[in-house]
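All residue numbers for the sequence shown refer to my numbering, where the first residue is 24 and numbers rise by one. Each residue gets a CB set at the ideal place from its N, CA and C atoms; glycine is no exception. Some notes on the structure that comes next.
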Amino acid sequence: MSDERGAYRIVGHPILPAEERGEVRFTWQGRPLKALEGEVLSSALFANGVRTFGHHHKDGAPQGIFCANGQCSQCMVIADGLPVKSCMVTVSEGIAVEPAEGHPALPAVDAVPPMGDIPVIEREVLIIGGGPAGLAAAIELGKVGMSVLLVDDKDRLGGKLVLQTHKFFGSIDACYAGMRGIDIAAKLKEKMTKHGTAECWTSTTAVGVFADGLVGVLKGDEYVLVRPEVLLVATGARERSLVFKGNTLPGVYGAGAFQTLVNRDLVRAAGRVFIVGGGNVGLIAGYHALQAGIEVAGLCEALPECGGYKVHRDKLERLGVPIHTSHTVVSANGTDSVESVTIAQVGKDWQPVPGTERTFACDTLLVAVGLDPVDEFITKACACGITVYAAGDADEVAEASAAIFSGRITGIEIARAQGEDVEEVPADWIVTRDVLKSKPGQVHPRQALGMERGVYPVFHCHQEIPCNPCTSVCPQEAILIGEDIRGIPRYIGGELGKDCLGCGKCIAICPGLAVTLVDHRKYPDTPVVTLAHEFQADSIEVGDTVIAVGADNEDLGEADVVDVRAGRVWNRTLLVQVKVDKAIAADIVGVRIQHPGVTQAMDKPVVRIEDDVIVCRCERITAGEVRRLVRDGARDMNAIKAVNRAGMGACGGKTCSALIKRIFREEGVDLGDVVPGVDRPLFVEVPLGAFCGGEK
């Protein structure tokens with residue numbers, strides 16, 4: 024890969040502006056490279072074409088990123104002689120970065136630093152996590168003037184919202200539905216500042232909860248102890264790992280890591296991706312890839328249907344990405360990095376069916392197979408007798424819209440419990456919270472409109488999901504869902520005696536890009552259909568001929584583009600108008616973007632020949648090594664760790680513990696009979712010198 028600055032950066036994006044930032048110089052293996060000011064090492068390396076960050080000491084396996092969120096240790100590099108997580112360390116001028124090869128040598132220490140005083144501060148409320156739930160809670164607590172400290176390990180607030188360029192579902196009144204995640208993050212920060220009693224420490228990592236009621240945090244390079252009256256854990260969730268051959272190759276990483284690189288740091292993290300996992304995270308990541316100009320070879324999902332919203336699946340398919348349901352990943356193939364991925368059908372036993380393998384060329388495999396709450400702070404706080412609350416994904420994994428409302432409710436509950444004069448949480452808030460957390464519901468048959476005159480909206484969302492922004496923006500109040508926002512929208516202009524104005528607001532605000540506008544007024548036999556299009560303005564122009572795609576993601580034939588509208592009022596959504604035959608006007612949902620050749624399987628499937636798959640990434644422990652101990656009678660995860668070091672690595676068992684439990688279940692062992700692993704007293708790695716209160 025080229026190492027010229029900019030070769031792997033996204034220079035044009037339909038949603039994200041290119042920021043003007045200064046350059047920082049650093050070295051990789053002695054080679055001078057350039058980064059952007061404020062950029063983390065992992066993104067800077069990716070931007071310079073570096074994807075292999077080192078090799079494992081046990082078997083020499085190449086290592087790259089996996090989570091890009093500080094939750095694992097796979098992206099470790101040596102920076103100025105110290106081992107660090109490259110996704111959490113900002114590039115500084117002149118920093119010398121080397122790959123982590125084998126066991127890194129410890130830096131020489133001339134003398135033990137003197138023991139200094141560790142500051143202890145007291146606050147009414149300590150919030151761990153500055154994502155949607157933490158910010159929403161801080162706003163409510165700020166309204167009553169409580170003493171709040173909010174800490175977050177990233178350099179900016181917003182959590183996963185800063186990675187989300189798509190428009191959110193839910194209710195406009197409750198959680199900013201129809202607004203993009205990046206804009207919601209800015210809105211929440213603005214509101215928190217307005218009610219500004221919360222003190223915010225960014226680039227600050229909470230590392231442990233202790234029996235004396237203190238919480239240890241690392242603020243930059245300074246270790247501080249916080250004594251809160253109440254602890255609110257809003258730490259979000261971490262991505263689940265998945266076992267398959269080649270699962271630790273550079274190029275196999277979580278969908279959240281991909282969104283971090285692409286949407287936060289504007290780094291072209293791949294040329295062509297394949298995705299495993301059909302929940303909202305995987306489906307949205309595929310859409311984000313296309314927006315960034317990255318090809319998507321396909322997506323596989325083991326279940327017969329995708330678990331994410333149907334509108335997310337539909338818009339990905341109509342853009343040219345095939346969805347392979349009842350399929351799983353068999354292997355990621357390559358020597359030093361991903362070169363292809365092999366998938367296969369799954370049978371009734373959930374195992375790959377021999378002979379159904381297909382291989383797709385790609386350089387990246389995104390793993391999006393669910394999330395687990397980051398809840399170790401909650402468990403330890405309860406054990407230590409600290410008053411603790413949880414909000415957002417740390418409480419229950421759901422959509423970010425639900426996390427916002429969860430934070431609001433929890434903030435009020437804390438204020439009331441602390442004796443503040445605050446009204447009780449309204450009963451309808453509880454209902455709204457539960458609705459926002461609800462899973463996708465029934466898919467209803469498509470209803471024919473039977474209209475061939477005037478102008479009217481057509482709704483292509485037929486699944487019960489919590490979403491109603493189209494009803495809120497219609498100036499004629501002619502779109503009806505009902506009291507439950509999970510209803511199916513319908514146009515009732517005729518029943519009200521009102522004509523549609525053709526304003527397009529419902530198209531521009533729809534998070535699922537599932538509203539079109541059919542206009543027969545000027546051309547009764549060849550009406551104009553207006554579609555939402557969230558790609559670069561120069562990707563489609565008046566006079567172009569495009570392939571129109573229907574509600575079932577089928578090609579409806581060619582259509583001529585007669586107008587392209589852009590402007591602030593459309594919230595970075597292009598409104599594309601195409602002229603078509605009236606027989607298909609109400610069926611068109613979008614236009615095909617990706618060339619079919621991208622998604623074709625290779626002539627012959629690639630089957631990797633390896634002894635087993637990696638369960639513990641840090642210590643390179645295979646499933647077979649763990650399974651043998653389980654079959655020999657091991658029922659204690661600590662005993663397994665003592666024998667083969669599974670869970671003893673730098674990440675502290677965050678990625679492998681769930682996989683080891685899965686092996687117990689596969690072997691017919693009730694998890695109630697398994698002794699859980701003993702958690703480390705600190706949940707995140709900390710330089711030992713930090714506890715001295717002196718220099719590291």
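CB contact flag (residue i, residue j, <7 Å)
| i | j | result |
| --- | --- | --- |
| E324 | G343 | no |
| V319 | A537 | no |
| L56 | F49 | yes |
| I409 | V256 | no |
| Q559 | P37 | yes |
| K190 | R179 | no |
| I435 | Y412 | no |
| T348 | P327 | yes |
| V481 | A609 | yes |
| G77 | E124 | yes |
| G239 | E262 | no |
| I508 | P534 | no |
| G93 | D176 | yes |
| P463 | Y332 | yes |
| H556 | V599 | yes |
| L241 | V230 | yes |
| T678 | S264 | yes |
| L289 | E222 | no |
| S96 | A673 | yes |
| A582 | V601 | yes |
Assigned exposure category for residue i - 16 Cβ within 10 Å defines buried
| i | result |
| --- | --- |
| Q314 | buried |
| K183 | buried |
| A665 | exposed |
| W51 | buried |
| I205 | buried |
| K227 | One detail in the question is off: residue 227 reads as Thr in this sequence, not Lys. Classification of T227: buried, given that the 10 Å Cβ count is 16 or more. |
| G358 | For the sequence presented, residue 358 should be read as Thr rather than Gly. It is exposed - the Cβ of T358 has fewer than 16 other Cβ atoms within 10 Å. |
| P699 | exposed |
| R544 | exposed |
| P619 | exposed |
| T382 | buried |
| C405 | exposed |
| I453 | exposed |
| M24 | Annotation note: pLDDT 35 at M24 (below 50); position unreliable, coordinate value reported separately. It counts as exposed. |
| Q374 | exposed |
| M625 | exposed |
| N270 | buried |
| A30 | exposed |
DSSP-derived helix/strand/coil call for residue i
| i | result |
| --- | --- |
| H467 | coil |
| N286 | helix |
| S562 | helix |
| N594 | coil |
| I632 | Note that I632 scores a pLDDT of 45, beneath 50, so its modelled location is shaky; the value from the coordinates is reported in the next line. Note: I632 maps to coil in three-state DSSP. |
| Y310 | helix |
| S548 | Note on identity: in this sequence residue 548 is Asp, with Ser being the wrong assignment. Reduced to three states, the DSSP call for D548 is coil. |
| R480 | As written in the sequence, residue 480 is Pro, which differs from the Arg given in the question. The answer is strand: DSSP assigns P480 an E or B state. |
| C639 | strand |
| C493 | helix |
| I644 | strand |
| L652 | helix |
| D604 | coil |
| E475 | coil |
| P155 | helix |
| G302 | coil |
| G619 | The sequence as given places Pro at residue 619; Gly does not occur at that position. Three-state result, P619: helix. |
| V120 | strand |
| T271 | coil |
Check: residue i C-beta below 6 Å from any heavy atom of the ligand SAH
| i | result |
| --- | --- |
| I515 | The ligand SAH is not part of the structure shown, which contains no ligands of any sort. |
Within-7 Å CB hit, residue i to chain C
| i | result |
| --- | --- |
| A582 | Absent here is chain C; the protein component of the structure consists of one chain. |
Discussion item. Between the stretch 485-497 and the stretch 517-530, can you find at least three pairs of beta-carbon atoms closer than 8 Å?
Written reply: At 8 Å Cβ cutoff, the stretches touch.
Discussion item. Quick check on the DSSP output: what are the complete alpha helix (DSSP H) runs of length 4 or more inside the stretch 75-99, in order along the chain?
Written reply: Here no run is fully enclosed.
Worksheet item: What residue ranges within the stretch 186-260 form continuous alpha helix (DSSP H) runs of no fewer than 4 residues, ordered along the chain?
Response: With a minimum length of 4 residues, the continuous alpha helix (DSSP H) runs that stay inside the stretch 186-260 are 195-198, 204-217.
Fill in: Touching by the beta-carbon criterion (3+ pairs, under 8 Å), the stretch 361-368 and the stretch 231-240
No, because fewer than three Cβ pairs between the stretch 361-368 and the stretch 231-240 fall closer than 8 Å, the two stretches do not touch.
Discussion item. Just to confirm the assignment: which complete beta strand (DSSP E) runs, minimum length 3, are found wholly within the stretch 328-416?
Written reply: Note on the stretch 328-416: whole beta strand (DSSP E) runs with a minimum of 3 residues are 346-348, 350-356, 363-368, 381-384, 387-390, 394-396, 411-413, in chain order.
Worksheet item: Is the stretch 633-648 in contact with the stretch 666-683, if contact means three or more CB pairs nearer than 8 Å?
Response: Counting C-beta pairs with one atom in each stretch, the stretch 633-648 and the stretch 666-683 have three or more that are closer than 8 Å, which means they touch.
Discussion item. So, does the stretch 288-298 touch the stretch 375-395, judging by three or more C-beta pairs under 8 Å?
Written reply: Flag = yes, the stretch 288-298 and the stretch 375-395 touch.
Item to complete: Ignoring anything shorter than 4 residues or poking outside the stretch 496-541, list the alpha helix (DSSP H) runs there in chain order.
Response: DSSP runs (the alpha helix (DSSP H)) wholly in the stretch 496-541: 516-519, 528-532.
Fill in: Contiguous alpha helix (DSSP H) assignments of at least 4 residues, all confined to the stretch 667-714
For the stretch 667-714, whole alpha helix (DSSP H) runs of length 4 or above, ordered along the chain, are 680-689.
Worksheet item: Along the chain, which unbroken stretches of the beta strand (DSSP E) at least 3 residues long are found entirely within the stretch 32-66?
Response: Taking 3 residues as the shortest admissible run, the stretch 32-66 contains the following complete beta strand (DSSP E) segments, listed from N- to C-terminal end: 46-51, 54-59.
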